[in-house]
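Undergrad: Here it is, the structure, as structure tokens.
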Amino acid sequence: MNKELIIILEKMQENEITEHFIYKKLSEWEKEENNKRIFLEIAEDELKHFEKLKTYTNKEPKPKKLKIFLILLLTKILGFTFTTKLMERGEDKAIEGYGHILSSIPDISKIIEEEKNHEQKLLGILDEERLNYVGSMVLGLSDALVELTGTLAGLTFAFQNNKLISLSGLVTGIAAALSMAGSEYLSTKAESDERNPIKAAIITGLTYITTVIILILPYLLTSNYILSLVLALISSLLLVLIFNYYVSVAKDLEFKRRFIEMLIIIFSVSFISFAIGLIIKGVLGVNLD
Numbered sequence: 001m002n003k004e005l006i007i008i009l010e011k012m013q014e015n016e017i018t019e020h021f022i023y024k025k026l027s028e029w030e031k032e033e034n035n036k037r038i039f040l041e042i043a044e045d046e047l048k049h050f051e052k053l054k055t056y057t058n059k060e061p062k063p064k065k066l067k068i069f070l071i072l073l074l075t076k077i078l079g080f081t082f083t084t085k086l087m088e089r090g091e092d093k094a095i096e097g098y099g100h101i102l103s104s105i106p107d108i109s110k111i112i113e114e115e116k117n118h119e120q121k122l123l124g125i126l127d128e129e130r131l132n133y134v135g136s137m138v139l140g141l142s143d144a145l146v147e148l149t150g151t152l153a154g155l156t157f158a159f160q161n162n163k164l165i166s167l168s169g170l171v172t173g174i175a176a177a178l179s180m181a182g183s184e185y186l187s188t189k190a191e192s193d194e195r196n197p198i199k200a201a202i203i204t205g206l207t208y209i210t211t212v213i214i215l216i217l218p219y220l221l222t223s224n225y226i227l228s229l230v231l232a233l234i235s236s237l238l239l240v241l242i243f244n245y246y247v248s249v250a251k252d253l254e255f256k257r258r259f260i261e262m263l264i265i266i267f268s269v270s271f272i273s274f275a276i277g278l279i280i281k282g283v284l285g286v287n288l289d
């Protein structure tokens, strides 16, 4: 067996043993018995794959501790569904990787079949309450980003004073968060779906307020209003990136299109508000220095 193939197999071994520990820990955390059993079965299969590959490499690579830590941390923060979808994508990559070396090692075919089986099992256990409220989170985040980023851009060039900008932004943001939470409550109640109207309203409101705080923080920490606006826009970009990635993984939606679409809306509104702020200041002759 050539050296290049051995290196590929060692990498696969490393992935198998890493996923073994991840699935094993997920099985310990999962409360639903059927899901617990599925996670444990997959963990045992991954260990068997590791041992099978060992017969070719004669080596025992260590698991990726950082990956284990990050995946488990994401599970605590974002829930089992997000992690399961992420792991399911990993199974896709494993199947593709094994397919490339199938001609060199025909025995790998059994591992490929088991990886496909893992993928189907993971798809079958995706059911988590928090996914029902993704719409409320999207509403809170997107509305806060579009409204407040635009508002801050306008206020920045109208006031050019960080204390006034942060005060106005906070008042506007908190009022808008309460208004949005109330609207979500009434909307959810009218739809008569499986979501709890109060819970949907709280999630929308909290998401909105959290976004407001993140965007206004630069104005509270720095005195340069231009720098504050730049940092607020960077924060917007990061929030859009993180949240759209979460939604795209958890709900099987296209990431790139949603990400670009939201960025275009946010930065277009910010630019227009920026221009309006300058125009109004010039027309009214307001000077707050």
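Just so it is clear: in the sequence shown, position 112 is 112 by UniProt numbering, and no numbers are missing. Glycine is no exception: its CB is placed at the ideal position from the N, C-alpha and C atoms.
Helix or strand or just coil, what does DSSP make of residue 160?
TA: On the sequence shown, position 160 is the one that residue 160 refers to. Residue state, collapsed to three classes: coil.
Undergrad: Kindly provide the ranges of any alpha helix (DSSP H) runs that are 4 or more residues long and lie completely inside the segment 32 to 90, ordered along the chain.
TA: Runs of the alpha helix (DSSP H) inside the segment 32 to 90: 33 to 57, 65 to 78.
Undergrad: In the structure shown, what three-state DSSP assignment does residue 204 receive?
TA: On the sequence shown, residue 204 is found 204 positions in, with the first residue counted as 1. In this structure, residue 204 counts as helix in the three-state DSSP scheme.
Undergrad: Any chance the segment 106 to 122 sits against the segment 30 to 48, with 3 or more Cβ pairs inside 8 Å?
TA: In short, these stretches touch, since the Cβ pair count reaches three.
Undergrad: Three or more beta-carbon pairs under 8 Å between the segment 144 to 158 and the segment 166 to 177, yes or no?
TA: Yes: at least three Cβ pairs fall under 8 Å.
Undergrad: What does the Cβ neighbour count give for residue 239, buried or exposed, with the cut at 16 atoms within 10 Å?
TA: Position 239 of the sequence shown, counting from 1, holds the residue named residue 239. By the neighbour-count rule (16 or more Cβ atoms within 10 Å), residue 239 is buried.
Undergrad: Near residue 91, what residues of its chain come up, given a Cβ to Cβ distance below 6 Å and the 5 sequence neighbours on each side ignored?
TA: The residue you call residue 91 lines up with position 91 of the sequence shown. Once the five neighbours on either side are set aside, the close Cβ partners of residue 91 are 115, 118, 119.
Undergrad: When burial is assigned at 16 or more other CB atoms within 10 Å of the CB, is residue 69 buried or exposed?
TA: For the purposes of this step, residue 69 is taken as residue 69 along the sequence shown, with counting starting at 1. Residue 69 is exposed by the Cβ-count criterion.
Undergrad: Starting from the N-terminal side, write out each stretch of the alpha helix (DSSP H) that is 4 residues or longer and does not extend beyond the segment 161 to 237.
TA: Fully enclosed alpha helix (DSSP H) runs of 4 or longer: 162 to 191, 197 to 221.
Undergrad: My output table needs one value for residue 253: the three-state DSSP class, helix, strand or coil.
TA: If you number the sequence shown from 1, residue 253 lands on position 253. Coil at residue 253, not helix or strand.
Undergrad: Would residue 181 pass as a contact of residue 158 if the rule is Cβ separation under 7 Å?
TA: Along the sequence shown, one-based indexing puts residue 181 at 181. Along the sequence shown, one-based indexing puts residue 158 at 158. Cβ distance not < 7 Å, so residue 181 and residue 158 don't count as in contact.
Undergrad: Given a threshold of 16 other Cβ atoms within 10 Å of its Cβ, counted over all protein chains shown, does residue 252 qualify as buried or as exposed?
TA: Numbered from 1 along the sequence shown, position 252 holds the residue referred to as residue 252. Burial call: exposed.
Undergrad: Can you tell me which of 198, 152, 204 puts its alpha carbon nearest to the alpha carbon of residue 276?
TA: Counting from one through the sequence shown, the residue named residue 276 turns up at place 276. For the residues 198, 152, 204, the minimum Cα distance to residue 276 belongs to 152.
Undergrad: Count the other CB atoms within 10 Å of the CB of residue 58; is the residue buried (16 or more) or exposed (fewer)?
TA: Start at 1 with the first residue of the sequence shown, and residue 58 comes out as number 58. Exposed: under 16 other Cβ atoms inside 10 Å.
Undergrad: Could you check whether residue 243 and residue 141 sit closer than 7 Å to each other, using their CB atoms as the reference points?
TA: Walking along the sequence shown from the start, residue 141 turns up at place 141. Walking along the sequence shown from the start, residue 243 turns up at place 243. Cβ atoms of residue 141 and residue 243: closer than 7 Å.
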